[in-house]
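There are 2 protein chains.
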Amino acid sequence: MIDSPFGAVRHLDLFARMSDESFLRLTRAAYLQSFPAQLQLIAEGDPADFLHVLVSGRVELFSTWNGRETSMATVHPVSTFILAATVRDAPYLMSARTVEKSRLILIPSQDVREIFEQDIGFAKAIVNELARCYRATIRTSKNLKLRNSQERLANYLLRQLGKSGNRTRFELLAEKRRVASYLGMTPENLSRAFNALKAHGVEVDGSHVTIVDHDKLVAFACPHALLDDYAN
Amino acid sequence: MIDSPFGAVRHLDLFARMSDESFLRLTRAAYLQSFPAQLQLIAEGDPADFLHVLVSGRVELFSTWNGRETSMATVHPVSTFILAATVRDAPYLMSARTVEKSRLILIPSQDVREIFEQDIGFAKAIVNELARCYRATIRTSKNLKLRNSQERLANYLLRQLGKSGNRTRFELLAEKRRVASYLGMTPENLSRAFNALKAHGVEVDGSHVTIVDHDKLVAFACPHALLDDYAN
DNA sequence: TCTTCCGCTTGATATTTGTCAAGCTCGGGA
DNA sequence: TCCCGAGCTTGACAAATATCAAGCGGAAGA
Chain C
1 MIDSPFGAVR
11 HLDLFARMSD
21 ESFLRLTRAA
31 YLQSFPAQLQ
41 LIAEGDPADF
51 LHVLVSGRVE
61 LFSTWNGRET
71 SMATVHPVST
81 FILAATVRDA
91 PYLMSARTVE
101 KSRLILIPSQ
111 DVREIFEQDI
121 GFAKAIVNEL
131 ARCYRATIRT
141 SKNLKLRNSQ
151 ERLANYLLRQ
161 LGKSGNRTRF
171 ELLAEKRRVA
181 SYLGMTPENL
191 SRAFNALKAH
201 GVEVDGSHVT
211 IVDHDKLVAF
221 ACPHALLDDY
231 AN
Chain L
233 MIDSPFGAVR
243 HLDLFARMSD
253 ESFLRLTRAA
263 YLQSFPAQLQ
273 LIAEGDPADF
283 LHVLVSGRVE
293 LFSTWNGRET
303 SMATVHPVST
313 FILAATVRDA
323 PYLMSARTVE
333 KSRLILIPSQ
343 DVREIFEQDI
353 GFAKAIVNEL
363 ARCYRATIRT
373 SKNLKLRNSQ
383 ERLANYLLRQ
393 LGKSGNRTRF
403 ELLAEKRRVA
413 SYLGMTPENL
423 SRAFNALKAH
433 GVEVDGSHVT
443 IVDHDKLVAF
453 ACPHALLDDY
463 AN
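Chains C and L, in that order, give the protein sequences. Quick note on numbering: my numbering labels position 13 of the first sequence as 13, and the sequence is numbered without any gaps. All you need for my numbering is the position in the second sequence, starting with 1, plus 232.
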């Protein structure tokens, strides 16, 4: 048990400030599991039996209705997902599938709820994480309602550039069709939006994006902390 | 202090299961205030100094970007709003204005955060409320991305009918232009969507809506628990 | 190295949604 | 009672976005 596979997630905001004892109890019935690419992990509507932590690989959250499908988020390691369904003991609102080979830690939801009541550090972390997710989703809604597709893409690129830590170039972390769906448009429309952004300082080659004129792109995109600063 | 104006909110999910002592401490520095119609209560980006509880009247949450504005929600009494910004001590993501004359209870955010750490009943309620809001917002995003404007309106009407408790008729609880903005369309487009829904069993006269053929509307709207059942 | 296939791109076209302008309606105030 | 005006509706048109079809190209496998 010492040096367990769960050590990798101990530093996550969600677990960092809970007692060792609580962490041990939380992970006692948890297990680490590997999944191949393109495997559906979760079907929306299923009961939320486990809190999921992505340790390596990549997972897509998506939703369907009436034969249509939309990508809601791409999860990168190391982070948790579907915390809200877990704490409410409610059905998942989104489906999840691996995009590539992935390893996940599955923690019984029951344990999460129990330890939440006993460990104030964990409780605070859960509240913070939920509030953060809520605010991220509000931002997504604002993006969808206040911006057209070119503006959504332009600001998405600026955010990704910021995340990459680079000054001008970065790699798209998801396939373009996934990016398109995430941004609420078709792949064809994304392709055209990229073309349109050439006039605003963006160059694309495959998944390789170069912001050749940052000021110009900013002038077009008008990024705003209340829509684009997902960290806060 | 006995029979204080805060008794009206004690039964809310958020406050119902906290100790009397905690509730007293929470409301010690709180105050009840009346506001006229059309007054801006909150500007997005401001620090979240108070948790707001609407006691009577009506409040609209909205957001702006680049000269555009969209309605995010209409708050009806008795309920809280902007809990997430309060617990994170972060700036508001949405602005708020009264739609009609309203009374609100303002609770210092600092007190909310302090008592959260000391009262497990309150902490549980906050987590539940945050998770509920998060899930409601996910549903809103799914609505925007998976449905066109007629489908959004059709399902909105079915939800409002359910809330009203009636079998066929109900009143729109917000002005049509607000409904339009909430649903992510223009007032003109809403007007046309209402016309289109005549063919699916909907009749409108001002703010008075009659579902003359419920089965027909359901057949068109295809409501789904994971998109439309906001309570859960 | 060649082949195949999947995803991306492009063009043509259709549908959806927004914009602008005008007229209507209904309720409140003089 | 009449008048006024905000909000709603309608029509004509424009812009944004989706759909369909075809072709391209690069990566993985034979």
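Note that beta-carbon positions come from the ideal geometry of N, C-alpha and C, so glycine has one too.
Asked                                                                                                                                                                       : Found
By the 8 angstroms beta-carbon criterion, what residues does the stretch 349-376 of chain L contribute toward chain C?                                                      : GLU349, ILE352, ALA355, LYS356, ILE358, VAL359, ASN360, LEU362, ALA363, ARG364, CYS365, TYR366, ARG367, THR369, ILE370, ARG371, THR372, SER373, LYS374, LEU376
What is the rounded straight-line gap between the Cα of VAL359/L and the Cα of ARG178/C?                                                                                    : 31 angstroms
Against LEU18/C, what residues of chain L qualify as contacts under a CB-to-CB distance less than 8 angstroms, listed in chain order?                                       : The residue asked about is misnamed: residue 18/C is Met in this sequence, not Leu. Correct list: empty, because the minimum Cβ distance to chain L is about 14 angstroms.
Tell me the rounded alpha-carbon separation between ASN387/L and ASP460/L.                                                                                                  : 7 angstroms
Identify the contact partners of HIS224/C in chain L, using a Cβ-Cβ distance below 7 angstroms as the criterion.                                                            : TRP297
Counting contacts by CB-CB distance shorter than 8 angstroms, is ARG103/C in contact with chain L?                                                                          : no
Taking only beta-carbon atoms, is THR312/L less than 8 angstroms away from chain C?                                                                                         : no
Would you mind reading off the limits of the beta strand (DSSP E) that contains GLN272/L?                                                                                   : 272-274
Nearest-angstrom Cα distance between LEU12/C and VAL55/C?                                                                                                                   : 11 angstroms
Buried or exposed: which applies to ALA406/L, given that a residue is buried once 16 or more other Cβ atoms fall within 10 Å of its Cβ?                                     : buried
What is the DSSP secondary structure of THR259/L, counted as helix, strand or coil?                                                                                         : helix
Between LEU146/C and ARG391/L, what straight-line distance do the alpha-carbon atoms span, to the nearest angstrom?                                                         : 24 angstroms
May I ask which residues mark the beginning and end of the alpha helix (DSSP H) holding LYS216/C?                                                                           : 214-221
Within 10 angstroms of its Cβ, does TYR366/L collect 16 or more other Cβ (buried), or is it exposed?                                                                        : buried
Can you find the residues in the same chain that come closer than 6 angstroms, C-beta to C-beta, to ALA425/L, ignoring five residues on each side of it along the sequence? : SER381, GLN382, LEU385
Do you know how far the Cα of ARG290/L is from the Cα of ASN398/L?                                                                                                          : 22 angstroms
So which residues on chain C does ASN464/L lean against when the C-beta distance must stay under 8 angstroms?                                                               : ALA90, PRO91
Is the CB-CB distance between SER141/C and THR372/L below 8 angstroms?                                                                                                      : yes
How many angstroms separate the CA atom of LEU226/C from the CA atom of GLU276/L?                                                                                           : 8 angstroms
Determine the closest residue to SER71/C out of ASN375/L, ASP447/L, LEU389/L, with distance taken between C-alpha atoms.                                                    : ASN375/L
Would you give the residue range spanned by the alpha helix (DSSP H) that ILE138/C belongs to?                                                                              : 120-146
If you pair each beta-carbon of the stretch 256-268 of chain L with each one of the stretch 321-339 of chain L, do three or more pairs fall below 8 angstroms?              : yes
From MET1/C to SER251/L, what distance separates their C-alpha atoms?                                                                                                       : No answer about MET1/C holds up, because its pLDDT of 44 lies below 50 and its placement is not dependable.
DSSP three-state call for GLU407/L: helix, strand or coil?                                                                                                                  : coil
Keeping to the same chain, check which residues put their C-beta closer than 8 angstroms to that of LYS216/C; ignore five residues upstream and five downstream.            : HIS200, GLY201
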